[in-house]
Amino acid sequence: MATHTAEPAAAGAAAVEHLTLEDRVWLLRAMLLMRGLEERAMTLYRQGKVPGSFYDGYGQEAVSAGAAFAMGPRDRLCILHRDLAAHLIRGVTPTRILAQYMGRAMGITGGRDGNVHFGDRRLGCVGMVSMLPDMTLVATGMAMAFKLRGEQRCAMTWFGDGSTSRGDFHEAMNWAGVQKLPVVFILENNQYAYSTPLDKQFAVDPVERAAAYGFVGVTVDGNDVEAMFEAARAARERALAGDGPTLIEAVTMRMHGHAAHDDMKYVPKEQVEEWRKRDPIERQEKRLRDLGEDVDGLRASVKAEIDAAAEEALAAPMPDPSTAIDGVFCAGEAEPLGDGQAPWSGFFGGEA
Amino acid sequence: MATHTAEPAAAGAAAVEHLTLEDRVWLLRAMLLMRGLEERAMTLYRQGKVPGSFYDGYGQEAVSAGAAFAMGPRDRLCILHRDLAAHLIRGVTPTRILAQYMGRAMGITGGRDGNVHFGDRRLGCVGMVSMLPDMTLVATGMAMAFKLRGEQRCAMTWFGDGSTSRGDFHEAMNWAGVQKLPVVFILENNQYAYSTPLDKQFAVDPVERAAAYGFVGVTVDGNDVEAMFEAARAARERALAGDGPTLIEAVTMRMHGHAAHDDMKYVPKEQVEEWRKRDPIERQEKRLRDLGEDVDGLRASVKAEIDAAAEEALAAPMPDPSTAIDGVFCAGEAEPLGDGQAPWSGFFGGEA
Amino acid sequence: MPTLTYLQAISAALRDELRSDDRVLLMGEDIGVFGGAFKVTDGFIEEFGPDRVMDTPLAESGIIGTAIGAAVVGMRPVCEMQFADFISCGFDQLVNVAGKMHYRQGLAVPLVVRLPSGGGFSGGPFHSQNPEAWFMHSPGIKVVAPSTAADAKGLLHSAIHDPNPVCFMEHKHLYRRVRDEVPSGVFETPFTARVARPGSDLVVIAYGAMVPVALEAVSDGLDGASVEVLDLRSLVPLDEEAILDSVERCSKVVIVDEANQMCAAGAQVAALIAEKGFESLDGPVVRVATPDVPIPFSPPLEQAVLPGVDRVREACRELLAY
Amino acid sequence: MPTLTYLQAISAALRDELRSDDRVLLMGEDIGVFGGAFKVTDGFIEEFGPDRVMDTPLAESGIIGTAIGAAVVGMRPVCEMQFADFISCGFDQLVNVAGKMHYRQGLAVPLVVRLPSGGGFSGGPFHSQNPEAWFMHSPGIKVVAPSTAADAKGLLHSAIHDPNPVCFMEHKHLYRRVRDEVPSGVFETPFTARVARPGSDLVVIAYGAMVPVALEAVSDGLDGASVEVLDLRSLVPLDEEAILDSVERCSKVVIVDEANQMCAAGAQVAALIAEKGFESLDGPVVRVATPDVPIPFSPPLEQAVLPGVDRVREACRELLAY
Ligand SMILES: Cc1ncc(C[n+]2csc(CCOP(=O)(O)OP(=O)(O)O)c2C)c(N)n1
Ligand SMILES: Cc1ncc(C[n+]2csc(CCOP(=O)(O)OP(=O)(O)O)c2C)c(N)n1
Ligand SMILES: [Mg+2]
Ligand SMILES: [Mg+2]
């Protein structure tokens, strides 16, 4: 059994080898959309238009954007609560996302579940549950089915540093290791689990565990979207080649509170300031500006898209209360998951 | 954070340094009693006197005998299903053990629970539950209380190779590592979990995980009772010194089926034959014979003790059915766990 | 029609499904090489191979969770808990991930969890439980509990064909004790109740292992009273119509449940009758169940807590005399 | 007597216990530095330090399991689940290790698990559950569910003093909405029911957040009928005497339960009445509860499933007219 200890992330150079300029703009665009949509959702939350609580991934946009971008249309994803860019890359429209936050009928869950607890099954995604990190097992099971059927596909899921303390993390990692499954685990180390710092969650960085489970663990700069892409691309290649799972630790920082109500008093100001300098969007913007891309134009188009989406979502109706008890059980045939949009591998599909 | 990778077990020599001749005879005696009692219980099972199922630890006697022997009276233990010698060392009498197997009122659980699902609370033990390895968390919690109260005590528990696949194993190891708790984990690697071989449970030997949890992992010849003792003694010393948990992997072999009904067809005959040569009792006998000890006399006295115990247990009454629903809740004060007998550290106590 | 034991019927259903639908996948601890703790899948690995009769790690959350993953990408996993009791270790995945998926996301989870349950053989507190009420109280999970070999087979086929998570409660005490005629091949038994014995003076409502207990209890010694036995077969969905129909015809009801009485299936049935069948009632809704106590190991203790023929007969007698 | 909110009463009970008994230890995710997701333990870490107000890893089985270990060596751990829903992840340790310990081994497990439960604020399917019935169906676990600030404090003191595992259901919707006079210092409230409002024509039986709903529903608009409201307060033990007493006096019963209706606490109460209170009944035992559906997020959907004042009033009206 070949085991590897963590090694530094692939450098930007390796990423560029696999990315066209268009791809690199796509990555920026996904991050800008994520940030813009979450900011808009936060405004809507403050206006009382988003019920319940509100969670975002400000400052972590590169983790979901880079990783999801490396996936193929027939790959399957369980996207977590700070990973909105992955939904966008799979093809979920901004309008439906804002409608989802607001509990509208046209939201991905039709108002049945809230905020980021969703996955668009028509785009190859299984919506997360709150219990962290339950989806690691679901992703592992999807990968198991792919392997049993001899299909060239992989599954991917995300989870946080805190989530690694739960038993399901272990059961998933161990299972994936024993069966050498095509699954990519993205450990989003954003320094905190709610208010709990890393040293209360583990004595040793969990990326070290990958070797003890019999597979590759790598640490990546989670604020570099191209490095994230490259690590995920290599992991997917390994998965499809039959070389088993990969644990990618994306080192990043949760720049906002756990949820809207959290003022993050427990985080030293300097820590936030330090990380602000490493903003993933600014980094990717600089790269593209240096290449002569019209970043300002991109920003403007993203903003326009969000404005239009917000308008549409705000006009959309709330769900009909008379439907509240429908659909607890599936009454007809089980519909399979659909394929997702996958810009990098050249596949655009999904919903209109 | 100091992490250590697995290292070979302490040699016999180191053990002898801490053991008197009397101690070494005690270790043999505990193993002989365990084997004799389990053989007698198996006979009683075949005679229909032991209800339910029957599990034993034939060939693994050194693991529980050696480890438990290193514990002090105020240490606390969660003893598992192949570890009868640990109960004997703590001071549980053979009569009550046979009565326990037979579901008699004088068994440790009074007939409420069966076979090895017991712990004598007056001797510092918490009875195991079936769900493996739930007791790892209970032991961790006891150690946590010791540390919080600044007490010089440790907790110990056992579990099998198969049990390492469950989430609770991980939550316990991680918790113990984060809080650097005085707990000794004994991983009893007996090659099988029921019928399931090691390579279906893990890709890498779980002792390797100790380092990834931030503490010491050692591999020991589980069929050498003195090596087991020494590893546990050193682990306890580490625990009491504030140096945290230890994971001891005791390499051994389950020489009988999982339970009485299991013919073990799935185990290659050669594997069993190979391990038969490493019988832990024969090994300790040889050591003591070489030192001129009267091993045959010891055997005879153990046999007589078991005969007497069987007679007494067989004569003991079954529980009164009218008490079947009593004691679901504790009605009075919570009685604390008592202290156990601890021959090595010179403490003999417990029940009359 | 061949005569099979309850256990053989379950095996036959699994074998037929594996043969006829290559999406079907069995997962569990020791189900492959060993053929399962109760030998339900004995010989399967030889016919279907280790990929379809999968020996898993000792990890119940892992079994349920990965099965959910396999189910949503088109497999039809059938998971075995070695004993129903161990579902407590896979509880979260079942109630939160599987149970709520379709309502939340419109994604079906065609998953069967086989739960060898029940007491009566000195299994003790961890090998004797009847956990069905936990899942009845968890939306999105179907629960069935056959009492005959024919129903065991038919309900298992239906469960595997069902696009939803189904807990299949197979009572260990019936495995080799129950034996009846079972149609061959794949057939479906609906998730509805069944009149196991018709009657008009009193109805005993039961499911699983309590059905044969009820049948024996009412078979004589009730001074010729006409006693019906209704076998619920399915707990979710619960066949309210059949229950209320029996109550209307019989006016007196005894509900027998092997589970601990509090918030058990029997409590739900009693509550249903007290609300919707009240006008038909000609006496209290009597329950016979296990008191709220872990199932003890030692035979005299175990017999003292589990509902048996005598307690059921006594309850019927008293109610008939009401 | 000071006036406290339900949440302040819980905080006060915990603070009083920490001050008066050094065996008491609070454990949970984010309860220390952050003061808890609902700020129940705000400021505690400053007074009692991180050893007694312990920020744990994100591991519910770990929280319950280590708390059991601490309890059996003499501590009095009080665990907070961040939301009651997450107890599914610590389910096994609670029902199998804690719940069965005393019966099996004679070893007491003085453990309190605080379960912030219930819906009504768009918490969605994973932050709105009322899981008490799972634990009512698990022998060896006590379950209490206060509806007033005074009872929240007194029951929490009693729970911490109790040598058994106790699930303390604290309803999130009441945290800041309920406010009443609370005696200071340590006092015990017994695990018994309480007549929240006396009456003689009909009794509404409820607990937790459904008590204020019931009180509001019957406060007017029932054409002067004399309606009693019985607040169960404790579900295990269930105060059968008080229930049957109310039924005897009122003859008509409406049971209100926020949990999903199947096998809920309300089902148990209805079953009890149908068996032991049958002769007092002057109408069906009516239940108002949440249908068997995950609690939806969007306000119009959530309001459609949770029992509210209107549904309770309507049920009372219909039954009064029966
Ligand atoms: C099993 C479980 N317990 C508790 C919670 C409550 N909770 C929500 S998010 C969170 C912190 C998660 O931290 P981490 O895994 O690091 O992810 P992050 O939010 O930092 O991305 C907690 C404790 C939960 N969601 N699941
Ligand atoms: C959580 C759980 N699942 C399933 C079982 C059923 N079971 C009893 S022993 C056993 C195998 C245990 O293997 P291992 O941990 O290696 O211990 P060993 O019996 O070999 O000492 C299994 C699967 C159990 N006891 N607990
Ligand atoms: Mg985090
Ligand atoms: Mg083993």
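Residue numbers (numbering that gives the first Met the number 0), protein chains in the order written: chain A, 0 to 351; chain B, 0 to 351; chain C, 0 to 321; chain D, 0 to 321. From the three backbone atoms N, C-alpha and C, an ideal C-beta is built for every residue, glycine too. Being a predicted model, the structure only gives us computed values, none of them experimental.
Contact list for D/P283 against chain C, beta-carbon separation under 8 Å: The contacting residues are A273, E274, K275, F277, E278.
Tell me whether A/M260 is buried or exposed, calling it buried when 16 or more other Cβ atoms sit within 10 Å of its Cβ. First, the amino acid is wrong: residue 260 of chain A is His here, not Met. By the 10 Å Cβ count, A/H260 comes out exposed.
As a quick exercise: from D/A151, D/M26, D/V311, D/V228, pick the residue whose alpha carbon is nearest that of D/R249. Here the sequence assigns Cys to residue 249 of chain D, which means Arg is not the residue at that position. Closest by alpha carbon: D/V228.
Alpha carbon to alpha carbon, how far is C/V226 from C/R175? Give it in angstroms, no decimals. Put simply, the backbone Cα of C/R175 is about 27 Å away from that of C/V226.
Delimiting residues of the alpha helix (DSSP H) encompassing C/K152: In the DSSP assignment, C/K152 falls within the unbroken alpha helix (DSSP H) covering 148 to 160.
According to DSSP, A/V203 sits in a beta bridge with which residue or residues? DSSP output for A/V203 lists no bridge partner at all.
Below 8 Å on the Cβ atoms is my guess for D/L24 versus D/T40; work out the distance and round it to an integer in Å. The pair is not a contact, with the Cβ atoms about 12 Å apart (cut-off 8 Å).
Mapping DSSP to helix, strand and coil, what is C/T188? C/T188 falls in the coil class under three-state DSSP.
Using a C-beta cutoff of 8 Å, does D/D50 count as contacting chain A? With a threshold of 8 Å between beta carbons, D/D50 makes no contact with chain A.
Under 7 Å from the C-beta of A/D112: neighbouring residues of chain D: Ordered by position in chain D, the residues that pass the 7 Å Cβ test against A/D112 are G123, P124, F296.
How would you list, in chain order, the residues of chain D whose beta-carbon sits under 7 Å from the beta-carbon of C/R286? Among the residues of chain D, those whose CB is under 7 Å from the CB of C/R286 are A270, E274, following chain order.
Do A/R130 and ligand 1 come close, with the Cβ less than 7 Å from some heavy atom? Note that residue 130 of chain A is Met in the sequence shown, not Arg. Yes, since a heavy atom of ligand 1 falls inside the 7 Å radius drawn around the Cβ of A/M130.
Counting only beta-carbon separations shorter than 8 Å, does D/C88 have a partner in chain A? Answer yes: the Cβ-Cβ gap between D/C88 and chain A drops below 8 Å somewhere.
For C/G265, I'd like the list of residues in its chain whose CB is within less than 6 Å of its CB, leaving aside the five on either flank, ordered along the chain. Only residues of its own chain outside the window of five on either side were considered, and among them I254, D256, R286, A288 have a CB closer than 6 Å to the CB of C/G265, listed in chain order.
Tell me where the beta strand (DSSP E) around C/G27 begins and ends. Per DSSP, C/G27 belongs to the beta strand (DSSP E) from 23 to 27.
Contiguous beta strand (DSSP E) assignments of at least 3 residues, all confined to the region 125 to 211 of chain B: Here the runs fully enclosed are 154 to 159, 182 to 188.
Within 10 angstroms of the Cβ of C/P293, are there 16 or more other Cβ atoms? Answer buried if so, exposed if not. The residue is buried, with at least 16 neighbouring Cβ atoms inside 10 Å.
Using a Cβ-Cβ cutoff of less than 8 Å, which residues in the same chain neighbour D/P298 once the five nearest sequence positions on both sides are dropped? For D/P298, where only same-chain residues beyond five positions count, the Cβ hits under 8 Å are S121.
For a contact defined as C-beta to C-beta under 7 Å, what are the partners of D/V96 on chain E? In the structure shown, chain E cannot be found, because the protein chains are A, B, C and D.
Cβ-heavy atom distance, D/L57 to ligand 1, below 7 Å: Proximity of the beta carbon of D/L57 to ligand 1 is indicated: a heavy atom of the ligand is located closer than 7 Å.
Leaving out the 5 sequence neighbours to the left and right, which residues in its chain are closer than 8 Å to C/A83 when beta-carbon positions are compared? So the list reads L114, P115, S116, G117, Q128, N129, P130, M168, once near-sequence residues are dropped.
My parser needs the alpha helix (DSSP H) runs of 4 or more residues fully inside the region 274 to 309 of chain A; what are they? The DSSP assignment places 279 to 289 as complete runs of the alpha helix (DSSP H) inside the region 274 to 309 of chain A, in order along the chain (cut-off: 4 residues).
On the three-state DSSP scale, how would you describe B/P63? Residue identity differs from the one stated: residue 63 of chain B is Ser in this sequence, not Pro. B/S63 carries a helical assignment under DSSP once its states are collapsed to helix, strand and coil.
Proximal chain C residues relative to A/G140, where beta-carbon distance stays under 7 Å: Result: G64, T65, A66, I67, G68, A69.
If we count the other Cβ atoms within 10 Å of its Cβ and call it buried at 16 or more, is A/M0 buried or exposed? With a pLDDT of 32 at A/M0, under the threshold of 50, the modelled position of that residue is not reliable, and the figure given next carries that caveat. Around the beta carbon of A/M0, a 10 Å sphere encloses fewer than 16 other beta carbons of the protein chains shown; the residue is thus reported as exposed.
Got a sec, what are the start and stop residues for the beta strand (DSSP E) D/V111 sits in? It spans 111 to 116 - the beta strand (DSSP E) in which D/V111 sits, taken as one unbroken run.
For A/G263, name the three-state secondary structure that DSSP assigns. In the sequence as displayed, the identity of residue 263 of chain A is Met instead of Gly. It is coil, neither helix nor strand.
Just to check my reading of the structure: A/T108 and A/E311 have Cβ atoms closer than 8 Å, yes? What is that Cβ distance to the nearest angstrom? With a Cβ gap of about 18 Å, A/T108 and A/E311 do not count as contacting.
With a threshold of 8 Å between beta carbons, is C/P299 in contact with chain B? Taking a beta-carbon distance threshold of 8 Å, C/P299 counts as an interface residue toward chain B.
Round the Cβ separation of A/A249 and A/E187 to the nearest angstrom and send it over; I've been treating them as touching at under 8 Å. With 8 Å as the limit, A/A249 and A/E187 qualify as a contact, their Cβ atoms being about 5 Å apart.
Partners in chain C for B/S344, counting only beta-carbon separations shorter than 8 Å: Here the premise fails: no neighbours, minimum Cβ distance about 33 Å.
Just how far apart, CA to CA, sit B/T195 and B/S162? Near 11 Å, if we compare the C-alpha coordinates of B/S162 and B/T195.
Any chance the region 232 to 240 of chain D sits against the region 213 to 221 of chain D, with 3 or more Cβ pairs inside 8 Å? With a cut-off of 8 Å, the region 213 to 221 of chain D and the region 232 to 240 of chain D do not count as touching, because too few Cβ pairs lie within range.
From D/V71, D/I63, D/V96, D/A97, pick the residue whose C-alpha is nearest to that of D/I86; which is it? Ranked by Cα distance from D/I86, the first of D/V71, D/I63, D/V96, D/A97 is D/I63.
Taking only beta carbons into account, state which residues of the region 29 to 49 of chain C come closer than 7 Å to chain B, listed in chain order. Within the region 29 to 49 of chain C, the qualifying residues are D29, V32, F33.
Would you list the residues sitting across from D/E180 in a DSSP beta bridge? Answer is D/T2, bridged to D/E180.
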